[in-house]
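Down below is the structure, laid out as structure tokens.
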Amino acid sequence: MRLEYFQMLDRFVDVKADERWIKSESTVPDQSPVFEGHFPGYPLMPGVLLIENMAQTCGWLVSAITGFSGLPVLAGVKEAKVRAAVFPGMTFTTEGRIVHDGSGYAIADGKVRGPDGAIADARLTYRIIPYPSPEFQNTMVTWAKQLNFPLEEFRK
Amino acid sequence: MATTFDKVADIIAETCDIPRETITPESHAIDDLKIDSLDFLDIAFAIDKAFGIKLPLEQWTQKINDGQATTEQYFVMKNLCARIDELIAAKGAA
């Protein structure tokens with residue numbers, strides 16, 4: 050995880066392609082410029098970054114089920130709840146499940162869980178827009194592989 | 517039994533907080549009801565779920581952008597409902 054670069058996911062750890070469900074894992078760094086302001090002397094993972102974590106996990110899932118045919122961009126966050134605090138050094142998982150894949154949009158549910166249970170959840174809406182270039186599409190596929198995204202599971 | 521128009525109007529009224537009585541078969545979802553594209557995603561999701569279909573929004577948008585269709589053909593309520601009825605019929609025939 051590199052919070053200041055919005056690199057929220059360390060790797061993908063589980064997938065059920067037939068259920069359109071996936072789980073990622075992230076470990077919060079001990080130090081980050083983010084914690085200099087949030088909060089001075091009391092480093093706490095910002096809730097909006099937990100939402101970003103769900104958005105990225107579910108976003109990769111949307112990319113996979115649409116065959117990397119377009120870029121899912123976050124368009125809506127509903128019923129977002131941050132239920133527990135996350136501190137530096139903590140490892141948590143994020144689950145994503147596709148609720149609906151529409152024409153040019155998708156709806157997904159995200160859930161963040163830690164060792165002690167639920168941390169956050171939200172329903173997310175994505176617009177699926179054309180990639181800005183073929184090179185960008187290739188970049189996304191390469192990035193997915195770096196995250197151990199199980200591309201082959203979605204090609205079956 | 518509720519008509520397609522009744523169901524869609526109820527969905528729009530609830531999703532966008534628009535008074536139900538202001539929604540008529542002649543209403544244009546964008547020009548008259550002032551529904552923006554993001555709100556229309558919520559409406560599309562509700563319609564897809566309610567009727568078990570998939571509104572082909574990408575195809576419609578492409579046709580409008582290419583000048584092959586007008587927004588009225590898809591987004592005036594009576595026309596939108598006719599498209600929905602066609603999709604339901606196509607699903608039943610499949």
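The listed protein sequences derive, respectively, from chains Z and D. In this text, residue positions in the first sequence follow my numbering: the first is 50, and each later residue adds one. In this text, residue positions in the second sequence follow my numbering: the first is 517, and each later residue adds one. Note that beta-carbon positions come from the ideal geometry of N, C-alpha and C, so glycine has one too.
- Task: Using DSSP bridges, identify the partner residues of Z/E144.
- Result: Z/K72, Z/K160
- Within 10 angstroms of its Cβ, does Z/F198 collect 16 or more other Cβ (buried), or is it exposed? buried
- Message: So Z/Y154 contacts chain D; which residues on that side make the cut at Cβ distance below 8 Å?
- Response: L557, A560, F561, L573
- Would you say D/D564 reaches chain Z, if we count a Cβ-Cβ gap shorter than 8 Å as a contact? yes
- Task: Could you tell me whether the segment 88-105 of chain Z touches the segment 168-175 of chain Z, using the rule of 3 or more Cβ pairs below 8 Å?
- Result: yes
- Query: What residues from chain D crowd round Z/A124, counting only those whose CB sits closer than 8 Å?
  - Reply: L554, L557
- Item | Closer than 7 Å at the beta carbon, the chain D residues around Z/G116 | Per Cβ cutoff of 7 Å: no residues; Z/G116 is ~14 Å from chain D at best.
- Query: Using a beta-carbon distance below 8 Å, is Z/G151 in contact with chain D?
  - Reply: yes
- Query: Does the beta carbon of Z/T76 come closer than 8 Å to any beta carbon on chain D?
  - Reply: no
- Since D/L557 is in the alpha helix (DSSP H), which residue starts that stretch and which ends it? 553-567
- Item | 8 Å Cβ cutoff, D/K523 in contact with chain Z | no
- Considering only residues of the same chain and omitting the five flanking positions on each side of Z/G119, which have a CB-CB separation below 7 Å? I177, I178, P179, Y180
- Task: Rounded to whole angstroms, what's the CA-CA distance from D/K550 to D/F556? Just pull it up for me.
- Result: 10 Å
- Message: So the candidates are Z/E144, Z/P95, Z/G166, Z/G116; which of them puts its Cα closest to the Cα of Z/V64?
- Response: Z/E144
- Please determine if the segment 88-100 of chain Z and the segment 528-536 of chain D are in contact, where contact requires at least 3 C-beta pairs separated by less than 8 Å. no
- Give every residue of the same chain whose Cβ lies closer than 7 Å to the Cβ of D/I563, excluding the five residues on either side of it in the sequence, and list them in chain order. V524, I527, L571, I600
- Query: Quick one: Cα of Z/L52 to Cα of Z/Y91, how far?
  - Reply: 16 Å
- Message: Does chain D have any CB closer than 8 Å to the CB of Z/T140?
- Response: no
- Query: Roughly how many angstroms separate the alpha carbons of Z/A193 and Z/Q186, rounded to a whole number?
  - Reply: 11 Å
- Other residues of its chain near Z/D79: CB distance less than 8 Å, five sequence neighbours each side excluded: P137, G138
- Query: Closest Cβ-Cβ distance between D/K594 and chain Z: below 8 Å?
  - Reply: no
- Message: Can you find the residues in the same chain that come closer than 6 Å, C-beta to C-beta, to Z/K146, ignoring five residues on each side of it along the sequence?
- Response: In the sequence as displayed, the identity of residue 146 of chain Z is Arg instead of Lys. So the list reads W70, D158, once near-sequence residues are dropped.
- For Z/T174, which residues in chain D fall below 7 Å Cβ to Cβ? L557
- Item | Chain-ordered neighbours of D/K570 on chain Z, where CB pairs are closer than 7 Å | G151, S152
- Could you check the C-alpha separation between Z/A66 and Z/E202 for me, to the nearest Å? 6 Å
- Item | Span of the beta strand (DSSP E) around Z/P121 | 120-131
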